[in-house]
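Student:
Residue numbers (UniProt numbering): 1 to 499.
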């Protein structure tokens with residue numbers, strides 16, 4: 001029989017659907033055709049595969065070769081199918097035992113010499129193959145990334161000839177090992193004790209970390225907005241195994257090298273204000289993840305947020321609500337996770353010194369209002385905590401008391417987050433409206449206080465629920481089983497800027 005089937009995985013967003021590479025040899029003029037909705041890079045595989053087989057001193061069949069990549073309606077792109085196509089040709093020609101292909105999946109691009117080159121998106125493929133109980137053979141360039149999946153049977157190879165020898169039983173390919181071991185080599189994160197003064201901002205940062213709330217910092221240049229934002233990952237709870245793998249899968253699909261020592265650290269992404277909408281949320285003819293997905297389970301920091309194009313900022317509204325981003329193109333659709341925590345910073349006015357005791361600001365109220373209006377109401381509505389930071393006195397910078405370090409604050413954050421997970425299974429910022437009604441009950445006096453705040457600040461229904469979520473986080477930090485009036489009052493204070 002001149003038919004062989006080899007299994008591989010395609011890449012659709014961070015999903016890795018199974019692809020059957022069916023190779024058939026028949027009579028007729030020698031030639032190779034690839035069908036099954038291949039993109040240009042996959043069509044070019046016929047030339048790479050033929051040269052790789054010949055340069056590996058193996059025989060390429062002088063017959064009609066038909067390669068079908070099933071399912072036929074799933075687009076295929078990249079060089080990841082080179083290795084399975086080559087093995088299918090060799091198995092159909094009797095040069096590789098067909099039964100050795102059972103229970104295995106193969107991913108890898110071939111050089112003309114027969115060497116294997118790494119490809120993007122290996123981690124999602126290994127995850128799916130492991131769930132199906134299959135062994136995966138990958139290029140050595142992808143070994144460290146593939147080894148992040150515990151209990152996976154991943155073998156690494158340097159060339160097509162090595163894979164053939166392994167399938168023939170002549171050699172045993174080495175396992176990909178050690179990728180997910182935490183050996184203490186992770187880079188230390190910036191410490192919160194570096195921040196002098198700004199006790200209210202430190203408090204807001206702790207609240208944001210405890211409840212996964214979005215945060216806006218407003219203040220003159222040099223008040224420590226960027227320094228505070230960069231300390232947020234250091235006080236967030238550690239990633240669990242599932243969250244770390246999900247983030248690593250996004251990075252793999254985006255083509256970022258896996259930093260094995262730091263792969264369990266929270267992401268901190270800080271795109272420049274000239275970034276386009278596609279750079280922020282993802283896009284392209286072949287959809288790739290953007291900054292919001294690369295910040296999944298981490299922090300997206302937008303410094304000088306009002307300098308971003310307004311259209312660019314508006315595309316954040318959907319992922320801020322849903323935690324996912326769907327990218328649709330004429331021929332492709334992809335969905336990426338985007339459960340990030342937004343931290344933004346801005347000056348109070350164009351010159352940066354509105355409200356400063358020095359009186360340096362000469363901006364008129366109309367100019368300040370237009371400047372702040374660059375942030376739309378719907379986007380501001382989705383930011384839970386808004387804090388105006390004053391300039392720190394020089395004496396406090398020089399002689400100020402050193403504040404708590406990140407480890408101390410992180411312990412309180414972890415304890416508060418644990419209460420939330422035990423109560424609702426998710427951080428307070430992700431609670432739905434019904435869950436808010438269940439977990440954020442108020443008494444009559446507290447309802448009256450909140451009603452007055454809604455009227456005075458003109459809060460929307462969304463802002464109303466976000467105040468309750470923040471109040472619930474403040475209660476969790478205090479170890480309280482119910483929301484007290486002091487918690488509600490503090491939560492209302494965080495809504496004062498911009499309504």
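All C-beta atoms, glycine included, are put in the ideal place defined by N, C-alpha and C. Because the structure is a prediction, the values reported are computed rather than measured.
#1: For the segment 200 to 208 against the segment 375 to 386, do three or more pairs of beta-carbon atoms, one drawn from each stretch, fall closer than 8 Å, so that the two count as touching?
#2: Shortest alpha-carbon distance to residue 96 belongs to which of 3, 472 and 34?
#3: Alpha carbons only, please: which of 272, 307, 29 and 246 is nearest the one belonging to residue 370?
#4: With DSSP as the reference, please indicate the residues paired to residue 341 in a beta bridge.
#5: Mind checking who residue 351 pairs with in its DSSP beta bridge?
#6: With a CB to CB cut of under 7 Å and the five nearest residues on each side skipped, what residues in its chain are close to residue 49?
#7: Could you round the C-beta distance between residue 232 and residue 343 to whole angstroms and report it? I think they count as a contact, below 8 Å.
#8: List the endpoints of the continuous beta strand (DSSP E) containing residue 169.
#9: For a test of the three-state rule: what should DSSP assign to residue 57, helix, strand or coil?
#10: In three-state terms, what does DSSP make of residue 41?
#11: Would you say residue 187 and residue 262 are within 8 Å of each other, going by their C-beta atoms?
#12: Who are residue 223's beta bridge partners in DSSP?
#13: Output the residue ranges of the alpha helix (DSSP H) runs that lie fully inside the segment 75 to 107 and measure 4 residues or longer, sorted by chain position.
#14: Measure from the alpha carbon of residue 76 to the alpha carbon of each residue in 332, 491 and 457, then state which is nearest.
#15: May I ask you to report which of helix, strand or coil DSSP gives residue 236?
#16: How many Å lie between residue 294 and residue 426 at the Cα?
#17: Between residue 419 and the rest of its own chain, which residues show a CB-CB distance below 7 Å, the 5 nearest in sequence each way excluded?
#18: On the three-state DSSP scale, how would you describe residue 360?
#19: Here's the rule I'm using: 16 or more other beta-carbon atoms within 10 Å means buried, otherwise exposed. How should residue 328 be labelled?
#20: Relative to the C-alpha of residue 235, which candidate in 414, 46 and 421 has its C-alpha closest?
#21: For residue 397, count neighbouring C-beta atoms within 10 Å of its own C-beta (all shown protein chains included) and say buried if the count is 16 or more, exposed if not.
#22: Would you decide whether residue 211 is buried or exposed? Buried here means 16 or more other CB atoms lie within 10 Å of its CB.
#23: Buried or exposed: which applies to residue 322, given that a residue is buried once 16 or more other Cβ atoms fall within 10 Å of its Cβ?
#24: Once the 5 residues before and after residue 183 are set aside, which same chain residues still bring their CB inside 7 Å of it?
#25: Report buried or exposed for residue 445, applying the criterion of at least 16 other Cβ atoms within 10 angstroms of its Cβ.
#26: Is residue 239 closer than 8 Å to residue 409 when the C-beta atoms are compared?
#27: Hey, how far is the Cα of residue 503 from the Cα of residue 496?
#28: In the DSSP assignment, find the unbroken alpha helix (DSSP H) run with residue 130 in it and report its ends.
#29: Decide if residue 319 is buried, meaning its Cβ has at least 16 other Cβ atoms within 10 Å, or exposed.
#30: Under a Cβ-count criterion, where at least 16 other Cβ atoms within 10 Å of its own Cβ denotes burial, should residue 113 be classed as buried or exposed?
#31: Would the segment 250 to 262 count as touching the segment 424 to 439 if we require 3 or more Cβ pairs under 8 Å?
#32: For residue 24, which beta-bridge partners are listed by DSSP?
#33: Near residue 244, which residues of its chain fall below 7 Å by C-beta distance, leaving aside the five closest residues on each side in sequence?
#34: For residue 103, which option in 457, 372 and 129 has the closest C-alpha, if you only look at C-alpha atoms?
#35: Can you tell which of 301, 346 and 54 has the C-alpha that lies nearest to the C-alpha of residue 373?
#36: For the beta strand (DSSP E) holding residue 427, just list the boundary residues, first then last.
Tutor: Taking the definition as stated:
#1: They touch, by the three-pair rule.
#2: Of all alpha-carbon atoms in 3, 472 and 34, the one lying nearest the alpha-carbon of residue 96 is that of 3.
#3: Looking at the Cα atoms, 307 is the closest of the given residues.
#4: Per DSSP, 299.
#5: According to DSSP, residue pairing for residue 351 in a beta bridge does not occur.
#6: These residues qualify, in order along the chain: 82, 85, 86, 89 and 110.
#7: The beta-carbon separation of residue 232 and residue 343, rounded to 6 Å, stays under the 8 Å limit for a contact.
#8: Membership of residue 169 in any beta strand (DSSP E) is not indicated, and neither H nor E is assigned to it by DSSP.
#9: Of the three classes helix, strand and coil, the one that applies to residue 57 here is coil, per DSSP.
#10: The three-state secondary structure of residue 41, taken from DSSP, is helix.
#11: Yes, the pair counts as a contact, with Cβ atoms nearer than the cut-off.
#12: Bridge partners of residue 223: none, in fact.
#13: Runs found: 82 to 92.
#14: Closest option to residue 76, Cα to Cα, is 332.
#15: Secondary structure at residue 236: coil, using DSSP grouped into helix, strand and coil.
#16: Going from the Cα of residue 294 to the Cα of residue 426 covers about 21 Å.
#17: Here the set comprises 476.
#18: In the structure shown, residue 360 falls within a coil segment according to DSSP collapsed to helix, strand and coil.
#19: In this structure residue 328 is exposed. Its beta-carbon is surrounded by fewer than 16 other beta-carbon atoms within 10 angstroms.
#20: Nearest C-alpha to residue 235 among 414, 46 and 421: 414.
#21: The residue is exposed, with fewer than 16 neighbouring Cβ atoms inside 10 Å.
#22: That one is buried.
#23: Around the beta carbon of residue 322, a 10 Å sphere encloses fewer than 16 other beta carbons of the protein chains shown; the residue is thus reported as exposed.
#24: Low confidence applies to residue 183: its pLDDT is 48, below 50, so where it sits in the model is not reliable, and the reading given next is rough at best. For residue 183, where only same-chain residues beyond five positions count, there are no Cβ hits under 7 Å.
#25: Looking at its Cβ environment, which holds fewer than 16 other Cβ atoms inside 10 Å, residue 445 is exposed.
#26: No, the Cβ-Cβ distance between residue 409 and residue 239 is not below 8 Å.
#27: Lying before the first or after the last residue shown, residue 503 is absent from the chain, which here runs from 1 to 499.
#28: Unbroken alpha helix (DSSP H) run through residue 130: 122 to 131.
#29: Burial of residue 319 is indicated by the presence of at least 16 other C-beta atoms within 10 angstroms of its C-beta.
#30: Counting every other CB atom within 10 Å of its CB across the protein chains shown gives residue 113 a total below 16, marking it as exposed.
#31: Taking a cut-off of 8 Å for Cβ pairs, the segment 250 to 262 and the segment 424 to 439 do not touch, as fewer than three such pairs fall below it.
#32: DSSP output for residue 24 lists 3 and 66 as bridge partner(s).
#33: Cβ neighbours of residue 244 beyond the five flanking positions: 263 and 264.
#34: For residue 103, the closest C-alpha among the options 457, 372 and 129 is that of 129.
#35: Per the Cα distances, 346.
#36: From DSSP, residue 427 is part of no beta strand (DSSP E); its letter is neither H nor E.
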